Amino acid sequence: MKFEDSPFYMVESPHKLLLPFGTFYLTKRYVVAEVYEGEHFDWKKVEILICELLDHYNTKPKLAYITNRVNDYSVNPQIWVKWRSHYSFIVASAIVIYNNNTLMNASIESVFASNNLNRFSCLKDAIAWANNIEALKTRN
Numbered sequence: 023m024k025f026e027d028s029p030f031y032m033v034e035s036p037h038k039l040l041l042p043f044g045t046f047y048l049t050k051r052y053v054v055a056e057v058y059e060g061e062h063f064d065w066k067k068v069e070i071l072i073c074e075l076l077d078h079y080n081t082k083p084k085l086a087y088i089t090n091r092v093n094d095y096s097v098n099p100q101i102w103v104k105w106r107s108h109y110s111f112i113v114a115s116a117i118v119i120y121n122n123n124t125l126m127n128a129s130i131e132s133v134f135a136s137n138n139l140n141r142f143s144c145l146k147d148a149i150a151w152a153n154n155i156e157a158l159k160t161r162n
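Heads up: the sequence shown at position 87 corresponds to 109 in the working numbering, and the numbers run straight through without jumps.
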């Protein structure tokens, strides 16, 4: 399920960030990423996204990052290591998995992730998880 089609979209009233490689929904506690079909999500794209996130939040945010894999795309799994070492404001990450191919890719990515990379089979559970991360509960 796309985030925009979920009941959480109306509740959260997120900022919708459209980039050439995906749509990103910025809420107070988490970011939902929906990378476009056929993209290769690499470090160059991460840096573009990070600049946009820092511009939007205006401070050093503490966020969860939820990648909602509604589309088929590739990821360089080593970006998780680099992301964590360069940008510590993402306190935890999650992947919402909708098929076996995504499950295999997520398993590989979790090996490289140095922070908490959780896997969920539905967006609802990923958002509930993000809303219960202690480090994010103090964000207004």
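A virtual CB, placed ideally from N, CA and C, is assigned to each residue, including glycine. Please read all numbers here as calculations on a predicted model, not as lab measurements.
Around the Cβ of residue i, are there at least 16 other Cβ atoms within 10 angstroms (buried) or fewer (exposed)?
i: Trp105; result: buried
i: Thr81; result: exposed
i: Ala157; result: exposed
i: Pro42; result: exposed
List the residues that DSSP assigns as beta-bridge partners of residue i.
i: Val57; result: Gly44
i: Phe142; result: Val118
i: His37; result: Leu48
i: Val97; result: Phe63
Look at the alpha carbon of residue i and the alpha carbon of residue j, and state the distance between them as a whole number of angstroms.
i: Asp77; j: Ser143; result: 31 Å
i: Ile88; j: Lys146; result: 11 Å
i: Tyr120; j: His62; result: 18 Å
Shorter than 7 Å from the beta carbon of residue i to some beta carbon of chain C?
i: Leu139; result: Checking the listed chains, one finds no chain C in this structure; it contains a single protein chain.
Taking contact to mean at least 3 C-beta pairs separated by less than 8 Å, is the stretch 61-79 in contact with the stretch 24-34? no
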